[in-house]
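*Asks:*
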Amino acid sequence: MEITNNKRQFQYEIALPDGEIATLEYRWLKGNMVLMRTLVPAKDRGKGIGATLVKHTLDAARTANLKIIVYCGYVNKFIERHPAYEDLKSSQ
1 MEITNNKRQF QYEIALPDGE IATLEYRWLK GNMVLMRTLV PAKDRGKGIG
51 ATLVKHTLDA ARTANLKIIV YCGYVNKFIE RHPAYEDLKS SQ
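Numbering of the sequence shown is given in the UniProt record's numbering, commencing with residue 1 and proceeding in unit increments.
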């Protein structure tokens with residue numbers, strides 16, 4: 001799966017074979033990446049697409065030396081299951 005960072009729309013995207021798009025939306029707040037929500041079309045849920053988006057986004061944040069603020073419940077659950085990403089969370 002190819003993941004692109006659509007900087008104009010502030011979201012990471014995976015183009016799905018049927019033309020739909022799975023997204024992880026983000027914003028910026030005081031230098032922190034705020035992870036807003038993860039959207040995967042209903043028919044494509046349970047295939048690991050959301051997890052792939054979250055992992056890619058968290059890895060990109062780590063590479064860029066960014067801290068994150070999480071509003072998305074799915075991202076929170078992902079970090080609970082993968083505590084190695086816990087250090088990315090901002091103290092703000």
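Glycine included, C-beta positions come from ideal geometry on N, C-alpha and C.
Whether or not the region 75–92 and the region 42–62 are in contact is what I'm after, with contact meaning three or more pairs of Cβ atoms, one per stretch, closer than 8 Å; do they touch?
*Replies:* The region 42–62 is in contact with the region 75–92.
*Asks:* In terms of alpha-carbon separation, which member of D44, E25, F10 and L24 lies closest to P17?
*Replies:* Residue 17 sits at position 17 when you count from the first residue of the sequence shown. Checked all of D44, E25, F10 and L24; the closest Cα to P17 is D44.
*Asks:* Using CA coordinates, which residue listed in Q9, Y74, V40 and L35 is at the minimum distance from S90?
*Replies:* In the sequence shown, the residue the question calls residue 90 occupies position 90. Closest by alpha carbon: L35.
*Asks:* Drop a sphere of 10 angstroms on the beta-carbon of Y71, count the other beta-carbons inside from all chains shown, and report buried for 16 or more, exposed for fewer.
*Replies:* Along the sequence shown, one-based indexing puts residue 71 at 71. The residue in question, Y71, is exposed, as its Cβ has fewer than 16 Cβ neighbours within 10 Å.
*Asks:* Output yes or no for whether 9 Å exceeds the beta carbon distance between L24 and T57.
*Replies:* By 1-based counting over the sequence shown, the position of residue 24 is 24. By 1-based counting over the sequence shown, the position of residue 57 is 57. Closer than 9 Å, so yes.
*Asks:* Contact check, F10 vs R27 under 8 Å by CB: the rounded distance?
*Replies:* The residue given as residue 10 occupies position 10 in the sequence shown. The residue given as residue 27 occupies position 27 in the sequence shown. About 6 Å; that satisfies the 8 Å criterion.
*Asks:* With a CB to CB cut of under 7 Å and the five nearest residues on each side skipped, what residues in its chain are close to V40?
*Replies:* Residue 40 sits at position 40 when you count from the first residue of the sequence shown. Answer for V40: A22, I49 and G50, listed in chain order.
*Asks:* State buried or exposed for N6, treating a residue as buried only when at least 16 other CB atoms are found within 10 Å of its CB.
*Replies:* Position 6 of the sequence shown, counting from 1, holds the residue named residue 6. So N6 counts as exposed.
*Asks:* By how many angstroms is the C-alpha of N65 removed from the C-alpha of A15?
*Replies:* As a working mapping, residue 15 is identified with position 15 in the sequence shown. As a working mapping, residue 65 is identified with position 65 in the sequence shown. Their backbone Cα atoms lie some 27 Å apart in a straight line.
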